[in-house]
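Okay, so the sequence shown: first residue is 434 according to this note's numbering, each after it adds one.
To start, the structure itself, in structure tokens.
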Amino acid sequence: MIRSVLTTRSLSSNKIIFQVLVFLSHKFQEAKLDINQIKETFVKLQSEDAKSQVQAALDEGMDPVEILNGGIIAGLQEVGKKFEEEVYFLAELMMAGKLGEACIEIITPHLPENTGPAKGVVILGAVEGDLHDIGYSLVASQLKLAGYKVHVVGVNVPSMKFVEKAQELNADIIGMSAFLVTTIPNCAEVVKYLVDMNIRDKYKVIIGGAETSAEKAESMGCDGQAENAVEAVKLCDRLLGHA
Ligand code: B12
């Protein structure tokens with residue numbers, strides 16, 4: 434009799450423990466994604482998981498700007514570091530580029546929008562020899578969202594094309610992206626053309642991309658440099674007197 438009661442008790446307590454474990458494991462599965470998890474999946478280049486984590490984070494209500502900066506851009510920077518350290522090679526760099534584009538495409542419709550009158554016209558592209566377009570594409574979408582008209586001239590753009598487009602579209606700002614030590618000097622060439630053609634004062638010239646800096650911008654005769662798309666909007670606002 435006593436043995437039977439004890440057995441029934443231990444069975445029912447086992448059942449309770451089992452139910453608690455099931456409950457906890459469900460809770461664990463439901464646990465919200467954190468931004469480092471997204472970044473790590475990105476750095477591991479687990480493409481499908483990274484894209485679905487970005488979507489899941491948006492569905493959970495995570496701030497899209499946080500997903501972009503703390504997950505995707507931070508992930509791309511980490512991949513760049515691994516490339517530098519020769520842990521990753523060109524194939525991984527290319528995969529990261531493609532994955533970055535795909536994630537940004539998922540996030541972009543969720544970014545906050547500005548709906549005022551056009552603040553100014555910006556010409557944007559990567560200088561001659563430079564094929565990095567993820568950075569300036571983000572700058573372009575942030576500027577558009579902030580109320581600028583943006584004309585993207587693409588990658589590997591000859592210096593004179595920046596000048597011609599600016600004249601044709603009566604632009605306010607020429608924005609150049611340069612990611613390589615070998616391509617950054619091309620920003621100075623655009624400034625030189627503007628000076629030679631006596632139209633330097635008509636445009637504000639800004640630069641951005643890995644390896645650019647405010648000091649380099651100044652030494653090349655540019656009006657400013659920005660580290661990221663948010664700062665690029667602030668820079669344009671400041672230069673055109675909107676700030
Ligand atoms: C992805 C990537 C690639 C992809 C680019 C894909 C694409 N469609 O863009 C591919 C595979 C094509 C590539 C190729 C190469 N790459 Co690469 N690449 C990168 C990587 C990992 C990420 C760049 C990126 O897109 N970042 C994401 C964006 C969103 O972030 P971001 O760069 O911070 O951009 C912000 C700012 O820069 C700013 N910004 C950008 N543009 C502008 C413009 C203006 C006007 C303003 C105001 C602001 C602004 O706002 C952006 C948005 O917030 C970087 C590493 C790094 N640390 O940058 C290397 C990196 C730039 N690449 C590098 C190298 C060496 C190369 C190659 C030479 C490799 C090779 N051996 O072939 C080639 C060169 C190709 C060429 N001719 O351009 C080096 C450059 C080193 C150097 N000192 O010159 C880096 C730094 C990697 C490293 N640490 O070694 N690359």
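For each residue, glycine too, the CB sits at the ideal point set by N, CA and C.
Contact between T474 and Q486 is confirmed by a C-beta separation of about 6 Å, below the 8 Å threshold. The residues E644, in chain order, have a CB closer than 8 Å to that of V614 in the same chain once the five nearest residues on each side in sequence are set aside.
In the same chain as H543, and ignoring 5 residues on each side of it, the C-beta atoms closer than 7 Å to its own belong to L491 and P497, in chain order. The beta carbon of H675 lies closer than 7 Å to those of K552 in the same chain, with the five residues before and after it left out. With a cutoff of 8 Å on beta-carbon distance, I632 and C655 are scored as not near each other.
A residue is called buried once 16 or more other Cβ atoms fall within 10 Å of its Cβ, and M653 is buried on that count. At a cut-off of 4 residues, the continuous stretches assigned as alpha helix (DSSP H) that sit fully inside the stretch 563 to 633 are 567 to 578, 592 to 601 and 618 to 629. Between the alpha carbons of K472 and A507 lies a distance of about 7 Å. Residue burial annotation: E519 is exposed, with fewer than 16 other C-beta atoms found within 10 angstroms of its C-beta. Assigned with DSSP and collapsed to three states, Q658 falls in strand.
When secondary structure is reduced to three states using DSSP, V555 falls in the strand class.
For K577, the CB contacts under 7 Å within the same chain, skipping 5 residues up- and downstream, are V583 in chain order.
In terms of Cβ geometry, A524 and K484 do not form a close pair [threshold 8 Å].
The closest heavy atom of ligand 1 lies less than 7 Å from the beta carbon of F612. Secondary structure at K637: strand, using DSSP grouped into helix, strand and coil.
Excluding sequence positions up to five before and after M609, its CB lies within less than 6 Å of the CB of V560, C620 and I640, all in the same chain and listed in chain order.
For the pair V588 and K598, the CB atoms are not nearer than the 8 Å cut-off.
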